[in-house]
Structures are given as C-alpha cells and as structure tokens.
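Working notes, structure below.
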Amino acid sequence: AARDAANEQLCVAARKELKRNARRHMKTKVPAEPPAASPDAVRVLVRMRDGRRLQRRFDRGVLLKWVVSWIEGEDLDGDDFALVSNFPRASSRSAESRNTSLAELGLWPNCSLFVEEVDEGEVEDELDEREAWAAPEDE
140 AARDAANEQL
150 CVAARKELKR
160 NARRHMKTKV
170 PAEPPAASPD
180 AVRVLVRMRD
190 GRRLQRRFDR
200 GVLLKWVVSW
210 IEGEDLDGDD
220 FALVSNFPRA
230 SSRSAESRNT
240 SLAELGLWPN
250 CSLFVEEVDE
260 GEVEDELDER
270 EAWAAPEDE
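Quick note: the sequence shown uses our numbering, first residue 140, plus one each step.
Printed below as a string of structure tokens:
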C-alpha cells in the first residue's frame with residue numbers, strides 16, 4: 140500500500156511538471172501583440188481567480204486558444220480553467236470554441252473575460268490539444 144501511494148505521488152508530480160512545461164512552451168508560441176492603434180486589435184481584459192486583472196492586445200483573427208495559452212503562461216501551476224465572457228456568451232470549454240477567432244466569437248474590439256474553475260477533464264481534449272498546438276505546423 141505504501142508503495143502504491145508513493146507511485147501515485149510520483150505520477151501526480153510528473154503530470155504537474157508535464158502540464159507546467161506545456162504551459163511554459165505554449166506561452167512562447169502566443170502571437171505577437173499588435174500595436175494599440177491597429178484597427179484589428181482586440182483589447183482583452185482577463186480577471187484572474189486571485190483577483191488580478193491582466194490586459195493584452197491580440198489581432199482579431201487570433202484563435203481563442205492563444206488567449207488561453209497566454210493566461211496559462213501567467214499561471215503555470217494553476218488548476219484547469221475555462222475563460223468565459225458573459226456578453227457575448229463565450230467559453231473556452233470546447234475545442235470548437237478554442238479554435239474560433241476572437242472576431243467570430245464577437246469579442247472584438249474589446250472583451251472582458253474571467254477565469255472559471257473547472258473539474259479536471261471538463262475542458263475537452265485539453266492536454267492532447269495543447270500538444271497538437273506545439274506541433275511544427277503552428278500558426
């Protein structure tokens with residue numbers, strides 16, 4: 140029983156480190172911030188779980204998954220989450236929504252998102268998709 144508990148702890152630690160490394164890697168892939176004067180810039184404001192507010196610009200054609208990667212890179216050890224907008228209603232829970240542009244989601248020219256806690260595995264294909272994002276054919 141003690142051996143099983145020790146193995147379980149090792150597995151949990153390895154999974155956390157894998158998640159941390161994936162988040163660190165994906166943060167380096169987030170598209171460059173467009174100039175403030177760009178007519179295609181989306182001003183994104185995110186309210187974090189700890190009350191912090193993060194702000195950044197993205198091009199309106201950027202997919203929601205890159206906003207998720209930006210936030211994950213700001214909270215490497217954080218639990219799984221979804222980014223949610225009340226109006227227009229949008230959420231990063233599904234792979235389909237994460238692969239939709241900010242403009243198509245109605246989040247242009249400004250949007251306010253908040254980090255919503257989710258149960259592990261509630262966000263579709265999270266780790267598999269993150270690994271796919273890191274593939275050589277990145278945007």
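Positions of the beta carbon are idealized from the N, C-alpha and C atoms, including for glycine.
Keep in mind that this is a model prediction, so the values were computed, not measured.
Check whether leucine 241 and arginine 199 have beta carbons under 8 angstroms apart
Contact: yes.
Residues that leucine 252 bridges to, as DSSP identifies them
Bridge partners of leucine 252: Val185.
In whole angstroms, what separates the C-alpha of aspartate 189 from that of glutamate 213?
Roughly 12 angstroms between the two C-alpha positions.
8 angstroms Cβ cutoff met for phenylalanine 220 and valine 185:
Contact: no.
Evaluate contact between the stretch 225-242 and the stretch 194-210, counting only Cβ atoms and requiring at least three cross-stretch pairs below 8 angstroms.
Judged by Cβ distances under 8 angstroms, the stretch 225-242 makes contact with the stretch 194-210, as three or more pairs qualify.
Out of Ser177, Ser233 and Lys166, which one is the CA nearest neighbour of proline 248?
With distances taken between Cα atoms, proline 248 lies closest to Ser177.
State the DSSP-derived secondary structure class of aspartate 267, mapped to helix, strand or coil.
With a pLDDT of 48 at aspartate 267, under the threshold of 50, the modelled position of this residue cannot be trusted; read the value that follows with caution. Aspartate 267: helix per DSSP, three-state reduction.
Report the rounded CA-to-CA distance for aspartate 218 versus alanine 175, giving the unit in angstroms.
Roughly 31 angstroms between the two C-alpha positions.
First and last residue of the uninterrupted alpha helix (DSSP H) at aspartate 100
Only positions 140 to 278 of the chain appear in this structure, which leaves residue 100 out of reach.
Residue range of the alpha helix (DSSP H) that alanine 141 falls in?
Taken as a continuous stretch (DSSP letters only), the alpha helix (DSSP H) holding alanine 141 covers 141-168.
Length-filtered (4 minimum) alpha helix (DSSP H) runs lying within the stretch 213-249:
The DSSP assignment places complete alpha helix (DSSP H) segments of no fewer than 4 residues inside the stretch 213-249 at 234-237, in order along the chain.
Option nearest isoleucine 210 by Cα separation, candidates Ser233, Lys168 and Ala152
Nearest of Ser233, Lys168 and Ala152 to isoleucine 210, Cα basis: Lys168.
If you measure between the beta carbons of serine 208 and lysine 166, is that distance less than 8 angstroms?
Cβ atoms of serine 208 and lysine 166: closer than 8 angstroms.
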